[in-house]
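Trainee: Residue numbers (the numbering used here), protein chains in the order written: chain C, 72 to 386; chain W, 72 to 386.
Take this structure, written in structure tokens, and hold onto it; I'll ask about it next.
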């Protein structure tokens, strides 16, 4: 794993893929670390009882842990151990999980299954699910603020992290994206409108995950910009593949319902572009993501492997 | 208004009340300032559209503005102009409003009227109300983080503010209080259990409001502790009076439904202690609050007048 990365300005995605890199082991190891940290953080921000049980039900149900892993991988890419970014990684996963809990509510997407188990309001009740989501969102900021408080030498970076996470997850980011998604049901969208919607709904937080990790890892401005470009491309690629899997995926492997986009008459990439062109588009985005970080050394191999995984995944 | 405050260890609430102080004008002036600041902050954290409209509907519907006014008054008490604490005051009111929006939802208290106008889910719809609450909560942290980012000379104080607000509003504070409140429906509580419940549900954020204002106003440790003791007493007094008004209040003047506690078989102070003893208890708490800040000079007169107002109010 000490293979030096050879920059190649005209590199195709194939030539920049880190061939010897074992992503499966990497994801397994990082997910376990993240899950352990999440368990500890959860106990620090909540008190024993039904609320904590509901938060735990949804937060510790597994999931791909894409956002925290990206955050840790970005810190490593900038040259630091993943520990520096772990509180941010946890906060991002808590925010992602809260958004799933609220989106799954009967008043929103009314889903019964998430991450292979009953959604929070099915396992508990609606009121508890609303509060569990609120608790995860607020707890995320408590964790970030706690890091800012207890790491004075990194306080400036943590303040930037709190600001960019709140911005990305807020009413000019993820929440606005969810609102526009609901409003667009039944209205055909153009490819550009669809990209804008997804940049808000999922792209902003994925970009924030990489941005936070890079900041905490000590990346310079040039590196930050490259990593953010990488993140924007894989964020959109992720969503394009999500749309494809919603048409073609296996609900058992996915751990959630499929075919729901069509039922709700949501505009999707397969619908607007067709399945085959959607696949090509996702592939192109991943190529651009790999190109954005082509000058980085082999400490960015996890980010490269994740980019490629995003289009190859089946859940 | 330059009357020196004479410390009197045995002071009764009557003798420490700032007789010449015009609370009505003070509250009017502060509320207007808060409302103007809230309008500007809201436009900074959200983009035009239905989500922003829903956030605005609930946030700018009036209300007593108790938390922001306490925050500003605490900053003044510590010797600073209220401007230093305005972003914290706004964040606290946004958090209070988000909690009302979510508590009013059909799955929770199912209320139709709030601050004299339809609740958010009545004026818009449930999904929009859930998202509007989420947006206000996330926006509150964006505002606090923005202050931390843009005021480097006060960054340490802002980081403390973010931490204590998230803690007070989170799953070991306000949200846990709401959870326990729902779980306790139909179960008679002792006076102590009732006090614990209210300390979580409303007390923690009221204490945070005073604490934040005092911190940003530059209060020392001794002064901070006194102000927090003041805040805990008036926080509980406020809730005792709320319970009394839920039995005896006028729904038109209150701007919300009354008699709802009995309908939901919630334990309340009038039920546990009787109305008359509840009034005495609130009066005693206010006396203790005034005593906690008896050594402070006349810059604390607004806090004194607010304490007395809390038991005399009729909405």
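Beta carbons are placed, not taken as given, at the ideal position from N, Cα and C, and that holds for glycine.
Quick one, which of W:145, W:137, W:183 has its alpha-carbon nearest residue 326 (chain W)'s?
Mentor: W:183
Trainee: With a threshold of 8 Å between beta-carbons, can residue 253 (chain W) be considered close to chain C, or not?
Mentor: yes
Trainee: Under three-state DSSP, which class holds residue 119 (chain C)?
Mentor: coil
Trainee: Hey, is residue 129 (chain W)'s beta-carbon within less than 8 Å of any beta-carbon in chain C?
Mentor: no
Trainee: Three-state secondary structure (DSSP) at residue 382 (chain C)?
Mentor: helix
Trainee: Please report how far the alpha carbon of residue 108 (chain C) lies from the alpha carbon of residue 358 (chain C), in whole angstroms.
Mentor: 33 Å
Trainee: Per DSSP, what are the beta-bridge partners of residue 184 (chain W) in this structure?
Mentor: W:189
Trainee: If we cut at 8 Å on Cβ distances, does residue 79 (chain W) have a partner in chain C?
Mentor: Reliability fails at residue 79 (chain W), whose pLDDT of 40 lies under 50, so the model's placement of it is uncertain and the value that follows must be treated cautiously. For residue 79 (chain W), the answer is no, since every Cβ of chain C falls outside 8 Å of its Cβ.
Trainee: Does the Cβ of residue 213 (chain W) have 16 or more other Cβ atoms within 10 Å, making it buried, or fewer, making it exposed?
Mentor: buried
Trainee: For chain C, is any of its Cβ atoms less than 8 Å away from the one on residue 216 (chain W)?
Mentor: yes
Trainee: Which whole-angstrom value is the C-beta distance of residue 275 (chain C) and residue 239 (chain C), which I expect to be below 8 Å?
Mentor: 4 Å
Trainee: How about residue 284 (chain C) and residue 162 (chain C): are their beta carbons less than 8 Å apart?
Mentor: With contacts defined by Cβ atoms closer than 8 Å, residue 284 (chain C) and residue 162 (chain C) do not form a contacting pair.
Trainee: May I have the straight-line CA-CA distance separating residue 266 (chain W) from residue 112 (chain W), to the nearest angstrom?
Mentor: 34 Å
Trainee: Please report how far the alpha carbon of residue 201 (chain C) lies from the alpha carbon of residue 96 (chain C), in whole angstroms.
Mentor: Spanning the two alpha carbons is a distance of roughly 35 Å.
Trainee: Restricting to Cα atoms, I'd like to know which of W:331, W:303, W:370 is closest to residue 314 (chain W).
Mentor: The shortest Cα separation from residue 314 (chain W) among W:331, W:303, W:370 belongs to W:331.
Trainee: Thinking C-beta only, is residue 117 (chain C) closer than 8 Å to residue 279 (chain W)?
Mentor: no
Trainee: In chain order, what are the residue ranges of uninterrupted alpha helix (DSSP H) at least 4 long that sit wholly in the segment 195-222 of chain C?
Mentor: DSSP runs (the alpha helix (DSSP H)) wholly in the segment 195-222 of chain C: 197-221.
Trainee: Judging by CA-CA distance, which residue of C:309, C:282, C:287 is the nearest neighbour of residue 300 (chain C)?
Mentor: C:282
Trainee: If residue 152 (chain W) and residue 142 (chain W) are in contact, beta carbons under 8 Å, what's the gap, nearest whole angstrom?
Mentor: Contact doesn't hold; Cβ gap of about 13 Å is too wide.
Trainee: Quick check: what's the CA-CA separation for residue 356 (chain C) versus residue 137 (chain C)?
Mentor: 17 Å
Trainee: Quick one: is residue 199 (chain W) buried, meaning 16 or more other Cβ sit within 10 Å of its Cβ, or exposed?
Mentor: buried
Trainee: With 16 other CB atoms within 10 Å as the buried threshold, where does residue 99 (chain W) fall?
Mentor: Around the beta carbon of residue 99 (chain W), a 10 Å sphere encloses fewer than 16 other beta carbons of the protein chains shown; the residue is thus reported as exposed.
Trainee: Could one say the Cβ of residue 122 (chain W) lies closer than 8 Å to chain C's Cβ atoms, at least one of them?
Mentor: yes
Trainee: Taking the alpha carbon of residue 188 (chain C) as the point to measure from, which residue in C:166, C:383, C:131, C:94 has its own alpha carbon closest?
Mentor: C:131
Trainee: For residue 339 (chain W), I'd like the list of residues in its chain whose CB is within less than 6 Å of its CB, leaving aside the five on either flank, ordered along the chain.
Mentor: 314, 332
Trainee: Counting contacts by CB-CB distance shorter than 8 Å, is residue 220 (chain C) in contact with chain W?
Mentor: By this cut-off, residue 220 (chain C) is an interface position.
Trainee: Does the separation of the CB atoms of residue 220 (chain C) and residue 169 (chain C) fall below 8 Å?
Mentor: no
Trainee: With a 10 Å radius around its C-beta and 16 neighbouring C-beta atoms as the bar for buried, classify residue 259 (chain W) as buried or exposed.
Mentor: exposed
Trainee: Note down, in chain order, all residues in the segment 235-251 of chain W with a beta-carbon under 7 Å from any beta-carbon belonging to chain C.
Mentor: 237, 238, 240, 241, 242, 243, 246, 247, 249, 250
Trainee: In whole angstroms, give me the CA-to-CA distance for residue 237 (chain W) and residue 352 (chain C).
Mentor: 41 Å
Trainee: Helix, strand or coil, according to DSSP, for residue 73 (chain C) in the structure here?
Mentor: Residue placement at residue 73 (chain C) is poorly supported in this model, since its pLDDT is 39, which falls under 50; the coordinates still yield a value, given next. Coil, per DSSP.
Trainee: Look at residue 230 (chain C) and residue 230 (chain W) and say whether their C-beta atoms are less than 8 Å apart.
Mentor: yes
Trainee: Between residue 226 (chain C) and chain W, is any beta-carbon pair separated by less than 8 Å?
Mentor: yes
Trainee: Please report the distance separating the alpha-carbon of residue 89 (chain C) from that of residue 186 (chain C).
Mentor: Approximately 29 Å, taken between the alpha carbons.
Trainee: Would you list, in chain order, the members of the segment 172-184 of chain W that have their beta-carbon closer than 7 Å to a beta-carbon of chain C?
Mentor: 173, 176, 178, 179
Trainee: Can you tell me where the alpha helix (DSSP H) holding residue 319 (chain W) begins and where it ends?
Mentor: 292-319
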